[in-house]
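Here the structure is laid out as structure tokens; the discussion comes afterwards.
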Amino acid sequence: MLIFPLLLMVILYFQNMFGLRGVARISSSVYWGVGAFLISTFFVRLNNSKLTFGDVIGFVPSQNIELTYFIFIIVTGVIYLLVYLLHNQFEIIDNFRLKISEKILCSVLVICYGLALLLIYSANWAMNHFKGIAIDQIIYTLTQPLDGTDSSQIDSFIFGPVIGVFVTLFITTALVYSLVRVSKSINRFLIFRKIRYRKLFLTILSSVLLIAGFLISVNEIGYAEVKAYFFEKTKIYETNYVNPKQVKVTFPEQKRNLIYIFLESMESTYVSKELGGAEKQNLLPNFSQMIENNQAINFSNTDKIGGALPITTTSFTVGGMVAQTAGLPVKVSLGADSQTELGNEANNYGSEASSFLPGAYSIGEILAKEGYTNTLMLGSDVNFSGRAKYFTEHGNYRLLDYNTAKQQQWIPDDYYVWWGYEDEKLLENAKNVLTETASTGQPFNFTMLTADTHFEDGYMSADTPRLFKDQYANVIHFSDQMLAEFIAWIQQQPFYENTTIVISGDHLSMDQDFFDNVPSNYQRTIFNTIINSPIQPVNSKNRKFTTFDMYPTTLAALGATIEGNQLGFGVNLFSDQQTLPEKLGYKYFNQEMSKRSKYYDEKLLKKQEALSSSTK
1 MLIFPLLLMV ILYFQNMFGL RGVARISSSV YWGVGAFLIS TFFVRLNNSK
51 LTFGDVIGFV PSQNIELTYF IFIIVTGVIY LLVYLLHNQF EIIDNFRLKI
101 SEKILCSVLV ICYGLALLLI YSANWAMNHF KGIAIDQIIY TLTQPLDGTD
151 SSQIDSFIFG PVIGVFVTLF ITTALVYSLV RVSKSINRFL IFRKIRYRKL
201 FLTILSSVLL IAGFLISVNE IGYAEVKAYF FEKTKIYETN YVNPKQVKVT
251 FPEQKRNLIY IFLESMESTY VSKELGGAEK QNLLPNFSQM IENNQAINFS
301 NTDKIGGALP ITTTSFTVGG MVAQTAGLPV KVSLGADSQT ELGNEANNYG
351 SEASSFLPGA YSIGEILAKE GYTNTLMLGS DVNFSGRAKY FTEHGNYRLL
401 DYNTAKQQQW IPDDYYVWWG YEDEKLLENA KNVLTETAST GQPFNFTMLT
451 ADTHFEDGYM SADTPRLFKD QYANVIHFSD QMLAEFIAWI QQQPFYENTT
501 IVISGDHLSM DQDFFDNVPS NYQRTIFNTI INSPIQPVNS KNRKFTTFDM
551 YPTTLAALGA TIEGNQLGFG VNLFSDQQTL PEKLGYKYFN QEMSKRSKYY
601 DEKLLKKQEA LSSSTK
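Its first residue numbered 1, the sequence shown is counted upward by one per residue in full-length UniProt numbering.
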């Protein structure tokens, strides 16, 4: 596809319609050629949302080749015609020359304008591409490396905000060029005849554009959320956080195994309306049947099938995993005092800091202390978003990820789909790992993370039944089927009798359009179910709880007793003790979680000597 913009550059260079010389001649040709490429790419992407960045760079696109070439030919031809008309229809002003200092200011203006556009377009893209995204996740994601990221997300950003910025810059500068260099009308404005006025105008305009871009982008995210994250402080850690390290947890003499499955973006929303969800057809028939037949426990926010209320600081995968295993959120501190006291570690702890939440004390650490072996298995790169560091430091987990699968020859070296390799293969490999782990005779904690149900639209393999019009619905339904078969296999194994299975979504889905028909007054919740628990809850219905509560609840499901029934911000749901959302109010609790905390920064994000709890 690059052939047509390159051809345009060559033609314009040799024709040299504007009589330019040297660098100016080359720059002019490149400017129009790049503009043709960007605008063509923009229109091609509108027609084919699956187009990748590699397809665009290639000379032969992989999809819709005829239409793609047609668009590039038309756009390139139109731009050539535009340049020709500009040359022939208007009189070029030769006496309007910019000083070097003015050229520098013009460059600064273009950069400020581009940055302003990037802020606006990026904020708009994030809020629309990631449904329900919070400022916490945006900041955390920006501090992480791209290793392990799904390439479709990168392509979406490139074709969205990045291409949008350059297309807008091209069109704007072309219009300004026509006005200033080609039209006589510019001389009518006396202000532009004096250098100092031109400099002042360029300086003010640059500042205004940059400030406006920042304010508009903040408005896209939400002023209240940004204000709370950067400027408001909370004392909720001092008053309501319980340090798990100081809580006595007593295990039964015969320790139960734990299989904990994080299901990507799994919601209770997916069950039918009759059962408590928001769908016309039940997308989780197997899970819901187990719950309805009392073969599994479901903690619910209603009297039907429900789940955990979402917390903004846990709305992404690593945030959800930390919440359920350590009872606290993942936050990045960008405040001035945090920078002064903690340095860059406060921003980069997920990837570059020496440790990940050193003040946290997780279920992995508790179980390791009790003689359990900890294993984390997933089909993506475990290094993504600091997961490897967290699970290594907090429980010394054995990590089995996409890279391990290649090393063990579970998949070919060049195999890569979705985030690594699909759940169907992951679950088959998990059977072998579980069999091997159980054979040691030690109690074990086998934790797994799926990925097929990740937005956008999920991963649909050749084996996925096409039962619904919507791809995401088919993927969710097939995930329910695969997990049901996996659970049935576990129930046939010798170790099952002494094993508790906990299944939970990591967070709400961020799919763009799947939830458009969900009523605005419906409370979307994170799915959970517990199978083969040795105890029963006092009350599992009409509870206000969050995924923080899964931390002590999971230990209770292993038969352990917890002094005070609280760990971190989580309360044991098997008990009759109020959760923090029930005690403080869900809205208030969620708001406080978004605020900055000195306690979090000093004692959890970067552990200090005196790590103490304010409540017991």
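Using N, Cα and C, we set each Cβ at its ideal position, and we do this for glycine too.
Practice problem: Drop a sphere of 10 angstroms on the beta-carbon of valine 249, count the other beta-carbons inside from all chains shown, and report buried for 16 or more, exposed for fewer. | Solution: buried
Quiz item: Run through DSSP, which three-state label would lysine 583 get?
Solution: helix
Quiz item: Does the Cβ of isoleucine 100 have 16 or more other Cβ atoms within 10 Å, making it buried, or fewer, making it exposed?
Solution: exposed
Exercise. Grab the span of the alpha helix (DSSP H) containing asparagine 286 for me, first residue to last.
Key: 285 to 292
Exercise. Measure the C-alpha to C-alpha separation of asparagine 124 and glycine 114 and round it to an integer number of angstroms.
Key: 15 Å
Exercise. Between the Cα of alanine 36 and those of Val78, Ser217, Met448, Glu225, spot the shortest distance and give me the residue it belongs to.
Key: Val78
Quiz item: Do we get a CB-CB distance below 8 Å when we pair aspartate 457 with the residues of chain C?
Solution: Considering every chain present, this structure includes no chain C. It has just one protein chain.
Quiz item: Once you ignore the five residues that flank leucine 118 on each side, which residues in its own chain have a CB closer than 7 Å to its CB?
Solution: Pro161, Val165
Exercise. Within its chain, find whatever has a CB closer than 6 Å to the CB of proline 519; leave out the 5 residues flanking it on each side and keep chain order.
Key: none
Exercise. Compute the distance between the beta-carbons of threonine 375 and tyrosine 397, then report whether it is under 8 Å.
Key: yes
Quiz item: Does DSSP put phenylalanine 589 in a helix, in a strand, or in coil?
Solution: helix
Quiz item: What span of residues does the beta strand (DSSP E) with leucine 378 cover, start to end?
Solution: 373 to 378
Quiz item: How would you call aspartate 303, buried or exposed, if buried means at least 16 neighbouring beta carbons within 10 angstroms?
Solution: exposed
Quiz item: How would you write the range of the alpha helix (DSSP H) that asparagine 432 sits in, first residue to last?
Solution: 423 to 438
Self-check item: Separation of valine 502 from threonine 554, as counted between CA atoms
Solution: 7 Å
Quiz item: Residues in its own chain within less than 7 Å of cysteine 112 by CB, not counting five upstream and five downstream?
Solution: Ser206, Leu209, Leu210
Quiz prompt | Run of the alpha helix (DSSP H) containing methionine 321, from where it starts to where it stops | solution = 317 to 326
Self-check item: Exposure of glutamate 436, with buried meaning 16 or more beta-carbon neighbours within 10 Å
Solution: exposed
Quiz item: Straight-line CA distance for tryptophan 419 to phenylalanine 231?
Solution: 36 Å
Practice problem: Would you mind reading off the limits of the alpha helix (DSSP H) that contains glycine 160? | Solution: Where glycine 160 is concerned, there is no enclosing alpha helix (DSSP H), given that its DSSP letter is neither H nor E.
Quiz item: With a CB to CB cut of under 7 Å and the five nearest residues on each side skipped, what residues in its chain are close to serine 575?
Solution: Val538, Asn565
Quiz item: Is the stretch 482 to 496 close to the stretch 302 to 318, with three or more CB pairs under 8 Å?
Solution: no
Quiz prompt | alanine 126 in three-state terms, based on DSSP | solution = helix
Quiz prompt | Inter-residue CB distance, lysine 606 and proline 358 (contact presumed, cutoff 8 Å) | solution = 7 Å
Exercise. Write down every uninterrupted run of the alpha helix (DSSP H) in the stretch 427 to 501 whose length is 4 residues or greater and which is fully enclosed by it, in chain order.
Key: 471 to 491
Quiz item: Between the beta-carbon of glutamate 422 and the beta-carbon of tyrosine 361, is there less than 8 Å?
Solution: no
Quiz item: Buried or exposed: where does phenylalanine 356 fall if 16 or more other Cβ atoms within 10 Å of its Cβ makes it buried?
Solution: buried
Quiz item: Among Gly568, Pro465, Leu6, Pro443, which has the Cα closest to the Cα of isoleucine 259?
Solution: Pro443
Quiz item: From which residue to which residue does the alpha helix (DSSP H) around arginine 387 run?
Solution: 387 to 393
Quiz prompt | Residue of Thr203, Phe569, Ile74, Glu602 minimising C-alpha distance to threonine 325 | solution = Phe569
Self-check item: Distance between beta carbons of threonine 317 and serine 385, contact taken as under 8 Å
Solution: 7 Å
Quiz item: By Cβ distance below 7 Å, which residues in the same chain neighbour isoleucine 291 in space, the five residues on each side in sequence not counted?
Solution: Asn298, Ile305, Thr529
Quiz item: Under a Cβ-count criterion, where at least 16 other Cβ atoms within 10 Å of its own Cβ denotes burial, should isoleucine 487 be classed as buried or exposed?
Solution: buried
Quiz item: By DSSP, does valine 208 sit in helix, in strand, or in coil?
Solution: helix
Practice problem: Measure the CB-CB distance between tyrosine 80 and leucine 8 and report whether it falls below 8 Å. | Solution: yes
Quiz prompt | Contacting residues, own chain, Cβ-Cβ under 7 Å from glutamate 424 (five flanking each side not counted) | solution = Ser461, Asp463, Met482
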